[in-house]
Structure formats: structure tokens, C-alpha cells
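Some notes on the structure that comes next.
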Amino acid sequence: MRIDANSVALHTPRGSGSCVIWLTGLSGAGKSTIANSLRERAMAQGMPVAILDGDDVRRGLSQGLGFGHADRRENIRRMAEVARLLSDQGLAVIVAAVSPMREQRAMARKIVGTAFREVHVHASLATCEQRDVKGLYARARRGEVAKFTGISDIYEPPLQPDLVIDTSSCEVAQAASRLMSAFDAWSLRDGSR
386 MRIDANSVAL
396 HTPRGSGSCV
406 IWLTGLSGAG
416 KSTIANSLRE
426 RAMAQGMPVA
436 ILDGDDVRRG
446 LSQGLGFGHA
456 DRRENIRRMA
466 EVARLLSDQG
476 LAVIVAAVSP
486 MREQRAMARK
496 IVGTAFREVH
506 VHASLATCEQ
516 RDVKGLYARA
526 RRGEVAKFTG
536 ISDIYEPPLQ
546 PDLVIDTSSC
556 EVAQAASRLM
566 SAFDAWSLRD
576 GSR
């Protein structure tokens, strides 16, 4: 795991008290688990937090969108717009979405603005397949799921993320704890909490 709390800036402009932490990575890398653990820790410290989970958004706000390039882009655009709205209200927002293309994440960064922090939740494809509780990788390998990221569709890892968490080499709880420590370190320096 590569986390350096001194070089990680999980923050928004001084005094706004909110941020958008955008967790990107393959299905099964640990994004949702880290998001939920981070939310619990943050709320225990009195920080209002919202989670936008890619699966939940697809079942509701983005229901009916497919997995072609245009639909994926629209899904990410919707998530970024909601994240910006929540962040503007003073909430810390954790987005947990595969968001496979760099262009899509750049668009999200532009929509959200300076509150946006990209966190690459990395795990090898083999590790993600071992964790495949939904059976999606197996179905994709059999050709039953079209355009499945990592198998039949591309994932472009971030070139310069704000943070990389390698869940192949650490427990998810440890990853969330270290991410929270980095967030706390910023909050104490800024004096916003």
C-alpha cells in the first residue's frame, strides 16, 4: 500500500468543510467496502458524509443506461453532478464507481471542481476475480456479460491519482483507516474541524 499522509490532500477550498473522494478501480477491488468503512469513521467524528455507490446509482438515477461509451459517460456525469450538489451543501462525498476511462474521470473532476480527489483502489485482476461474490467475472469470461471492465472492456488506471490504495497487499479496514488518517491530518492542519 502506498499512502503518504503528508503528500495526500483530501480537501476542498479552505473553510468549505466538504470534499469529493472519487474511488475508482476494478469491480471487486474494494471500493464500496472502503467507502462504507470510511463513512462510519467520519460520521463517528461528526462529519456528515454521503456515499454514491456505482451499483446503487445504476439501479436508480442511471436506470436504463447501458455500458457503451456514451452511457458510461452519462452515468459518470450524473454521479459527478450529484456529488457536486452534495459537496456544495457541506457534505463530504465518497463516490465508489469503476469509472473506467480517464476522460470520464477528468470530466467528473471538471464538474466537481477543486473538491475532487481521485483515489485509485488497486487490486490485480486475479485478486478481483477471486473476490467475485456476484459471479460477474465468471459470467464475463463465459461471454454472458458484454463490455465488462477488465475482461471485455478496458480500464485505464489513473496516471496521477491523489492517492493509491493497493488492496491486494492490505486489509480493506487498514486501507480505510489510513485514508481516514490522511483526511484527519488535513483537517487538523486546515482547522476546519
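Numbering of the sequence shown is given in this note's numbering, commencing with residue 386 and proceeding in unit increments.
No residue lacks a Cβ here, since even glycine has one placed at the ideal position from N, Cα and C.
Item	Value
contact_flag[the region 420-430, the region 559-567] where n(CB pairs < 8 Å) is 3 or more	yes
Proximity winner among M486, A468 and R469, relative to G453 (alpha-carbon distances)	M486
Beta bridge counterpart(s) of D551 as assigned by DSSP	H507
Bridge-paired residues (DSSP) for L408	A481 and V504
Between the CA atoms of D456 and Q448 - distance to the nearest angstrom	11 Å
Residues bridged to A435 (per DSSP)	V478
Distance, L476 Cα to M579 Cα	Residue 579 is absent from the model: the chain starts at 386 and stops at 578.
Spatial distance of T534 from M432 (CA atoms)	33 Å
Three-pair Cβ contact test at 8 Å for the region 497-505 versus the region 543-555	yes
According to DSSP, residues forming a beta bridge with D538	T534
Beta-carbon gap between A420 and L411 smaller than 8 Å	no
Span separating the alpha-carbon of R526 from that of Q474	43 Å
Beta-carbon gap between A468 and L437 smaller than 8 Å	yes
Three-state class that DSSP yields for G374 in the structure shown	No statement about residue 374 is possible, as the shown extent of the chain runs from 386 to 578 and does not include it.
Y540 versus R490, T552, S417 and I406, residue with shortest Cα-Cα distance	R490
Selection from S472, I406, M492 and T512 that minimises the alpha carbon distance to R462	M492
Where the alpha helix (DSSP H) containing A455 begins and where it ends	H454 to D473
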